[in-house]
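Here the protein sequences line up with chains A and B, keeping their order.
Be aware that the first sequence starts at 2, since it is given in the numbering used here, and climbs by one per residue.
Be aware that the second sequence starts at 305, since it is given in the numbering used here, and climbs by one per residue.
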Amino acid sequence: MPSTLLEKVWNAHAVRKLPNGQTQLFVGLHLIHEVTSPQAFDMLRGRGGQVMFPDRTIATVDHIVPTKDQRRPFLDVMAEDMLSALERNCREAGVRMFDLASGSQGIVHVVGPELGLTQPGMTIACGDSHTSTHGAFGAVAFGIGTSQVRDVLASQCLALEPLKVRRIRVDGQLGSGVYAKDVILEIIRRLGVNGGVGYAYEYAGDVIDNMSMDERMTICNMSIEGGARVGYVNPDDTTVEYLRGRRFAPQGDEFERAAVWWRSLASDGGASFQDEVSIDAGAIRPTVTWGINPGQSVYVDERLPKPSTLPREEREAVEEALTFMGLAGGDPIAGTRIDVAFVGSCTNARLSDLREAARVIQGQHVAPTVRALVVPGSQAVRDAAEREGLHRVFLSAGFEWRGAGCSMCLAMNQDRLEGREVCASSSNRNFKGRQGSPVGRTLLMSPAMVAAAAVAGEIVDVRTFSRAH
Amino acid sequence: MPIEKILAVSGTALPVRGTNIDTDRIIPARFLRSVSFDGLERHLFEDDRAQAGESHPLSNPAYHGATLLVVNANFGCGSSREHAPQAIRRRGIRAVVGESFSEIFFGNSVALGLPCVTVTPEAATDLQSAAEGEPRTSFTLDLQTMTISTATVSFPAHLPAAAREGFLDGSWDATGLLLERYTEVRHVADRLPYLRGWR
Chain A
2 MPSTLLEKVW NAHAVRKLPN GQTQLFVGLH LIHEVTSPQA FDMLRGRGGQ VMFPDRTIAT
62 VDHIVPTKDQ RRPFLDVMAE DMLSALERNC REAGVRMFDL ASGSQGIVHV VGPELGLTQP
122 GMTIACGDSH TSTHGAFGAV AFGIGTSQVR DVLASQCLAL EPLKVRRIRV DGQLGSGVYA
182 KDVILEIIRR LGVNGGVGYA YEYAGDVIDN MSMDERMTIC NMSIEGGARV GYVNPDDTTV
242 EYLRGRRFAP QGDEFERAAV WWRSLASDGG ASFQDEVSID AGAIRPTVTW GINPGQSVYV
302 DERLPKPSTL PREEREAVEE ALTFMGLAGG DPIAGTRIDV AFVGSCTNAR LSDLREAARV
362 IQGQHVAPTV RALVVPGSQA VRDAAEREGL HRVFLSAGFE WRGAGCSMCL AMNQDRLEGR
422 EVCASSSNRN FKGRQGSPVG RTLLMSPAMV AAAAVAGEIV DVRTFSRAH
Chain B
305 MPIEKILAVS GTALPVRGTN IDTDRIIPAR FLRSVSFDGL ERHLFEDDRA QAGESHPLSN
365 PAYHGATLLV VNANFGCGSS REHAPQAIRR RGIRAVVGES FSEIFFGNSV ALGLPCVTVT
425 PEAATDLQSA AEGEPRTSFT LDLQTMTIST ATVSFPAHLP AAAREGFLDG SWDATGLLLE
485 RYTEVRHVAD RLPYLRGWR
């Protein structure tokens, strides 16, 4: 019977059906970081347990690392404590860690793929909701909480409910200045921030087929912002070629055999989906969020919704968001002044993102009222960008060029908004207080749009901005 | 593992209105800068409370001692941080009643023995109004009959069968269950081409 990728991967990892109807699922790759794992190790110790498959867990440090001065011990005592705890736990359990000295440290969802640890057909879990990123490779990858991190450490398994699959086809041609970020913001805007609850999103169609792995990762990354814990793309030539030669990918003949299996996992023609959605890529324009959840967005040439024209049940949420954001319904989003520009995060801090941002600002300068920073997704991204001279483009434009980490996406280090600052951000969440100031304000957009906003000091349409400069 | 059956939760209720209340709002990221969950309850909804002033229900002493939290749609969306249900549970809440929950938040709550049951949107607002009208109103969530009731009203509540069974028979902590069949786990690992080797 024709099957979806989700079914094939799920079945290959199913240990048994539990008495309560859930599946005991084997986790092929477990990624950990310093924020959600220390309590899990403590719980495991408290129960006298041990790590069952230490070679299937990989650690890095990302959330709390300072991006300016990374010398140890960190000046930030709590950050130092958290990193030390991770180091100690990994050492005791025999878990491999990519730390700051490794040259391979970075945001866990950037590091896994670029090292070739992330491979098609794996089940991947991590105590981080953006684990959906790894689905770009045709893995079934999802975020878990700390008690589940404990369970994976103890048993390499999780107890899970089966997922439905919604296939989202994106066909047609994306316009210039329209990016993967705009596609996923469009999907979230259309299907809602909880539209994906209970589903895995399978992204398909010409546009996805033609995307690079970096772009597919951006799409899968924000599945969770649409409520879908899992998002994936079927493995194809692009996937295989990305993995060829990566450090932890199979090598030589083994790679060719692996590639055969990887390709065989793609959803079969005739597989049935519990839901299907089709999106016309040609209609998508550069998108900017104006509210306090990632579904509250408009195209850059649109106006903000007017509460008075909305159905009663939507009015309150829109009013709350506009009030928090200090924006007025009916106003255009273009022209909204910004204070901070952030290019970074597991959504958009890969080499191709940095290239696009650099292309936009080449020969320009950040507006005098704006502080702008680029935080590469990993040390490898940072090194590759420096080899291309991108850091010089950013530095001469007045951007700060930082070390790798999660940084201002969620402000668990020193990088944060102050007071009511407005940030044009290439990250994934515009929740109240997300970027570190309880009253700080976030506008999500593509890295190119962030770069253009940094120069203009306000939201501008990157399509016309690039032509005009 | 400790076996604790959860058959019912009774007590007063804390009504927190709003759709899409994300885990950053439940517990802002700066309070995740720790290697333990200790003390998180002090920071539950901290920024929302600061911005709402006295009007946030958690700042209202009338709701002190509530054991149920009543919310609206897509509660707990966003970050997978277990710190969110940890903070809620450590504050004394023993069950959450709402229109819908994010999947990760729901799963994290189950792992803590914190049932999150769903009710219709109308029932959620009616229950919130009941608690707001008289904060000492006593509610009972009965997981055997799957109802949430006060002395005067009762609404059907829903919980996926597996989670419900886990609470009723005390098997909601999955670790023991997952450790039962090591040989079967090993078999699956040995069958997977990426672990067995690409022969």
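Ideal Cβ placement from N, Cα and C applies to all residues, glycine included.
Remember, predicted model here, so these are calculated numbers, not experimental data.
Quick check on DSSP: helix, strand or coil for residue i?
| i | result |
| --- | --- |
| Met98(A) | strand |
| Ser363(B) | helix |
| Cys295(A) | The sequence given here has Pro at residue 295(A), not Cys. Reduced to three states, the DSSP call for Pro295(A) is coil. |
| His64(A) | coil |
| His31(A) | strand |
| Leu444(A) | strand |
| Glu403(B) | coil |
| Tyr200(A) | strand |
| Gly144(A) | strand |
| Ile280(A) | strand |
| His347(B) | helix |
| Arg383(A) | helix |
| Glu471(A) | Nothing can be reported for residue 471(A): it is not among the residues displayed for chain A, which extend from 2 to 470. |
| Tyr233(A) | strand |
| Gly136(A) | helix |
| Arg372(A) | strand |
| Asp430(B) | helix |
| Val111(A) | helix |
| Asp56(A) | helix |
| Tyr180(A) | coil |
| Val457(B) | coil |
| Val361(A) | helix |
What in chain A is Cβ-close to residue i, meaning under 9 Å?
| i | result |
| --- | --- |
| Ala465(B) | Asn21 and Gly22 |
Thinking C-beta only, is residue j closer than 7 Å to residue i?
| i | j | result |
| --- | --- | --- |
| Glu345(B) | Arg394(B) | yes |
| Ala399(B) | Leu445(B) | yes |
| Val166(A) | Gln275(A) | yes |
| Gly117(A) | Ala250(A) | yes |
| Thr37(A) | Val141(A) | no |
| Gln23(A) | Ala466(B) | yes |
| Glu35(A) | Leu84(A) | yes |
| Pro306(A) | Gly330(A) | yes |
| Gly399(A) | Val367(A) | yes |
| Ser130(A) | Ile310(B) | no |
| Gly128(A) | Ile145(A) | yes |
| Gly292(A) | Gly193(A) | no |
| Ile220(A) | Tyr200(A) | no |
| Ser156(A) | Met53(A) | yes |
| Gly378(A) | Gly107(A) | yes |
For residue i, which residues does DSSP report across the bridge?
| i | result |
| --- | --- |
| Ala259(A) | According to DSSP, Ala259(A) bridges with nothing at all. |
| Asp446(B) | Ala312(B) and Thr451(B) |
| Thr25(A) | Residue 25(A) is actually Gln in this sequence, not Thr. The partner list for Gln25(A) (beta bridge, DSSP) reads Arg17(A) and Ala160(A). |
| Asp254(A) | Partner(s): none; Asp254(A) has no beta bridge. |
| Glu459(A) | Arg338(A) |
| Arg167(A) | Tyr202(A) and Asp276(A) |
| Cys424(A) | Val341(A) and Thr443(A) |
| Ala462(B) | At residue 462(B) the sequence reads His, which differs from the Ala that was named. Thr422(B), per the DSSP bridge assignment. |
Quick one: which chain B residues come within Cβ less than 7 Å of residue i?
| i | result |
| --- | --- |
| Asp152(A) | Ala478, Thr479 and Leu482 |
| Thr147(A) | Glu386 |
| Pro251(A) | Trp502 |
By the criterion of Cβ-Cβ separation under 8 Å, what are the contact partners of residue i in chain B?
| i | result |
| --- | --- |
| Asn294(A) | Asn324, Asp326 and Cys381 |
| Ser130(A) | Gly382, Ser383, Ser384 and Ile408 |
| Phe27(A) | Val489, Val492, Ala493 and Leu496 |
For residue i, go through chain A and note every residue whose CB falls closer than 7 Å to its CB, in chain order.
| i | result |
| --- | --- |
| Glu469(B) | Asn21 |
| Ala415(B) | Gly146, Ser148 and Gln149 |
Against residue i, what residues of chain A qualify as contacts under a CB-to-CB distance less than 8 Å, listed in chain order?
| i | result |
| --- | --- |
| Ser406(B) | Asn195, Val198 and Gly228 |
| Gly402(B) | The contacting residues do not exist; Gly402(B) stays about 12 Å from chain A at best. |
| Gly437(B) | Residues of chain A passing the Cβ test: none, with the nearest at roughly 20 Å. |
Could you check whether the Cβ of residue i sits closer than 6 Å to any heavy atom belonging to the ligand PLP?
| i | result |
| --- | --- |
| Thr370(A) | The model on display carries no ligand, and the ligand PLP is accordingly not part of it. |
At a CB-CB cut-off below 9 Å, which residues of chain B make contact with residue i?
| i | result |
| --- | --- |
| Arg430(A) | Asp326, Asp328, Gly382 and Ser383 |
| Thr37(A) | Leu336, Ser384, Arg385, Glu386 and His387 |
| Met123(A) | Leu496 and Tyr498 |
Spell out whether any CB of chain E is found under 7 Å from the CB atom of residue i.
| i | result |
| --- | --- |
| Trp263(A) | The displayed structure is made up of protein chains A and B, and chain E is not among them. |
Residues in the region 323 to 355 of chain B having any Cβ partner in chain A nearer than 9 Å: So the list reads Thr323, Asn324, Asp326, Thr327, Asp328, Arg329, Pro332, Ala333, Arg334, Leu336, Arg337, Ser338, Val339, Ser340, Phe341, Glu350, Asp351, Asp352, Ala354 and Gln355, given in the order they occur along the chain.
Residues from the region 484 to 497 of chain B in contact with chain A, defined by Cβ distance under 7 Å: Residues of the region 484 to 497 of chain B with a Cβ closer than 7 Å to any Cβ of chain A, in chain order: Arg485, Glu488, Val489, Val492, Ala493, Leu496 and Pro497.
Short-range partners of chain A found in the region 363 to 377 of chain B, where Cβ spacing is below 8 Å: Within the region 363 to 377 of chain B, the qualifying residues are Ala377.
Chain B contacts from the region 73 to 106 of chain A (Cβ-Cβ distance under 8 Å): Taking 8 Å as the Cβ-Cβ cut-off against chain B, the residues of the region 73 to 106 of chain A that qualify are Met79, Ala80, Asp82, Met83 and Ala86.
Residues of the region 359 to 390 of chain A whose Cβ lies closer than 7 Å to any Cβ of chain B, in chain order: Hits within the stretch: zero.
Interfacial residues, the region 156 to 173 of chain A to chain B, with Cβ spacing under 7 Å: So the list reads Ser156, Gln157, Cys158, Ala160 and Glu162, given in the order they occur along the chain.
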